[in-house]
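One rule links them: number in my numbering = place in the sequence shown (from 1) + 371.
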Amino acid sequence: MTKKQRTWILRLLLFTGTLISLYFVPWPILKARLSPLPKTVEAQVNKAADYGFDGIIVYVDQKGKKPAYYTAGHNNRITKSPVEPNLLFKIASIDKLYTAVAITRLVNEEQLSLEKTVADYFPELEGRIKNADGITLEMLVKHRSGIPNLTETPDFWIDPPKNNQEALERIFDLPANFEPDESYQYSNTNYLLLSLLIEKVSGKSKFEYIREKILAPLGLKNTFSSIHDVNLDEVMSGYYVGVEEDIKTTDYNSMVATAEDVGIFIRALNDGSLLEDREQEIYSSIYAYDHTGLIPGYQSIAKYHQDIDTVVIQFTNTTDFDGYNWSLSEIMYDRIVKIIRKRK
Numbered sequence: 372m373t374k375k376q377r378t379w380i381l382r383l384l385l386f387t388g389t390l391i392s393l394y395f396v397p398w399p400i401l402k403a404r405l406s407p408l409p410k411t412v413e414a415q416v417n418k419a420a421d422y423g424f425d426g427i428i429v430y431v432d433q434k435g436k437k438p439a440y441y442t443a444g445h446n447n448r449i450t451k452s453p454v455e456p457n458l459l460f461k462i463a464s465i466d467k468l469y470t471a472v473a474i475t476r477l478v479n480e481e482q483l484s485l486e487k488t489v490a491d492y493f494p495e496l497e498g499r500i501k502n503a504d505g506i507t508l509e510m511l512v513k514h515r516s517g518i519p520n521l522t523e524t525p526d527f528w529i530d531p532p533k534n535n536q537e538a539l540e541r542i543f544d545l546p547a548n549f550e551p552d553e554s555y556q557y558s559n560t561n562y563l564l565l566s567l568l569i570e571k572v573s574g575k576s577k578f579e580y581i582r583e584k585i586l587a588p589l590g591l592k593n594t595f596s597s598i599h600d601v602n603l604d605e606v607m608s609g610y611y612v613g614v615e616e617d618i619k620t621t622d623y624n625s626m627v628a629t630a631e632d633v634g635i636f637i638r639a640l641n642d643g644s645l646l647e648d649r650e651q652e653i654y655s656s657i658y659a660y661d662h663t664g665l666i667p668g669y670q671s672i673a674k675y676h677q678d679i680d681t682v683v684i685q686f687t688n689t690t691d692f693d694g695y696n697w698s699l700s701e702i703m704y705d706r707i708v709k710i711i712r713k714r715k
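Encoded structure:
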């Protein structure tokens, strides 16, 4: 083989490799990132359909300005009803912020101790949850327990548990993912145990405690325990890519709330008005001040941006766990925040 032939073969291989790499480029994500940034939040939100979302709600609370609401798309595919800003939404893991605040309150009142273990509070779980005698309450809050994530057990999303006990049983007798406090892994099982603990110590349901200690002081009346406590017509429809049916009636044990209620809570959590000084110290040592949520049909982002003193809440009602859907929701959110920064 001549030098010229080797050169042409090398060029052909490089060209073929380039074509293969281009085939696997996530074009929807690339297009969303590189498209020109609109001048207004409204214009960006109106691109929701281009991102693959049936509907979107965005709430913006910028200090010194009246809160703004932006919506686009359809609430319901069949009726083509428009998205309304006050629709209730399944906030999924955003409720971990409320749970962490509740735990903080109980620790501050000395009804709980961050140093006590799962076995201390639930002796019946020793032998059913690996390392129950070495996992502290603080490790549960920080996702450093090593307890397997119940939502990653077989068929969880296809056949969701009917109650907390059934959910907990999904991880009984499973090996630990790591030894207590030796690593970090997000686990919904941690927060199920925390929810059960709140109920055990307070003598109330977790939501009753949250309503009394968090929602009522903030005047929040549009946050509820689940879809069973509200008129379903007031809940935003949810869709999964490839499935035509509205899946909002499927219960994954999620709280529901309006974007405004979540926004007011996030503002209070971050500006210090929700927690007393010692509570603030405790909370800062154990958990975050913003969160995202994702369950079939519903994805949400709730954050406070200190540099512009602004809370931005985003709800989108179309999900796809295997595709680009979550990345696109983050791109949508980041571009909205960028527009607000440029405007300010």
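Beta carbons are placed, not taken as given, at the ideal position from N, Cα and C, and that holds for glycine.
What are the partner residues of Phe636, as DSSP defines its beta bridges?
For Phe636, which the question treats as bridged, DSSP gives no partner whatsoever.
Close beta carbons around Asn457, own chain, < 6 Å, minus the five adjacent residues each side:
If we look at Asn457 and ignore the five residues flanking it on each side, its Cβ neighbours are Thr629.
CB Ile666 to CB Ser700, shorter than 8 Å?
no
Trp398: beta carbon under 7 Å from a heavy atom of the ligand PLP?
In the structure shown, the ligand PLP is absent, as is every other ligand, since no ligand is present at all.
Secondary structure at Trp697, three-state DSSP: helix, strand or coil?
helix
Opening and closing residue of the beta strand (DSSP E) in which Ser655 lies
Per DSSP, Ser655 belongs to no beta strand (DSSP E); it is in the alpha helix (DSSP H), Asp648 to Ile657.
Under the three-state reduction of DSSP, which class applies to Asp432: helix, strand or coil?
strand
Alpha carbon to alpha carbon, what distance is there between Met703 and Asn688?
Rounded to the nearest angstrom, the two C-alpha atoms are 13 Å apart.
Completely contained beta strand (DSSP E) runs for the stretch 667-692, where each covers 3 or more residues:
669-676 and 681-687
When DSSP labels each residue in this structure, what does Ile518 get in the three-state scheme?
coil
So, with DSSP's three-state summary, where would you put Glu486?
In the displayed model, Glu486 falls within coil according to three-state DSSP, outside both helix and strand.
In whole angstroms, give me the CA-to-CA distance for Thr690 and Tyr610.
Approximately 6 Å, taken between the alpha carbons.
In terms of residues, what are the limits of the alpha helix (DSSP H) holding Ala439?
Looking at the DSSP string, Ala439 is not in any alpha helix (DSSP H); the run it does join, the beta strand (DSSP E), is Ala439 to Gly444.
Same chain, Cβ closer than 6 Å to Ala639, five either side skipped, listed in chain order
Leu589 and Leu645
Would you kindly work out how many angstroms separate the C-alpha atoms of Val416 and Gln433, rounded to a whole number?
17 Å
If you follow the alpha helix (DSSP H) that Tyr469 is in, where does it begin and where does it stop?
Where Tyr469 is concerned, the enclosing alpha helix (DSSP H) stretches over Asp466 to Asn479.
Using DSSP with H/G/I as helix, E/B as strand and the rest coil, what is Tyr394?
Per-residue confidence for Tyr394 stands at a pLDDT of 43, beneath the threshold of 50, marking its modelled position as unreliable; the derived number appears in the next sentence. Helix at Tyr394.
Return the chain-ordered list of same chain residues with a C-beta closer than 8 Å to the C-beta of Val612, the five sequence neighbours on each side being excluded.
Gly423, Thr689, Thr690, Asp691, Gly694 and Asn696
Cα separation between Thr522 and Thr560?
8 Å
Could you compute how far the alpha carbon of Glu480 sits from the alpha carbon of Thr594?
Roughly 25 Å between the two C-alpha positions.
Excluding the 5 residues flanking Pro551 on each side, which residues of the same chain have their C-beta closer than 8 Å to its C-beta?
Asn502, Gly505, Ile506, Thr507, Met510, Arg515, Ser516 and Gly517
Residues near Ile657 in its chain [Cβ-Cβ closer than 8 Å; skip 5 each side]:
Apart from the 5 residues on each side of it in sequence, Ile657 sits with its Cβ closer than 8 Å to the Cβ of Ala471, Ile474, Thr475, Leu485, Glu509, Val512 and Lys513 in its chain, given in chain order.
Can Phe460 and Met607 be called in contact, C-beta distance under 8 Å?
yes
Using the Cα positions of Arg499 and Ala443, report the straight-line distance between them to the nearest angstrom.
47 Å
Contact check, Tyr430 vs Pro531 under 8 Å by CB: the rounded distance?
At roughly 28 Å, the Cβ-Cβ gap does not stay under 8 Å, so Tyr430 and Pro531 are not in contact.
With a 10 Å radius around its C-beta and 16 neighbouring C-beta atoms as the bar for buried, classify Pro397 as buried or exposed.
So Pro397 counts as exposed.
Pro519, buried or exposed, once every other Cβ within 10 Å from all chains shown has been counted against 16
buried
For the alpha helix (DSSP H) that contains Val412, what are its first and last residues?
Val412 to Val416
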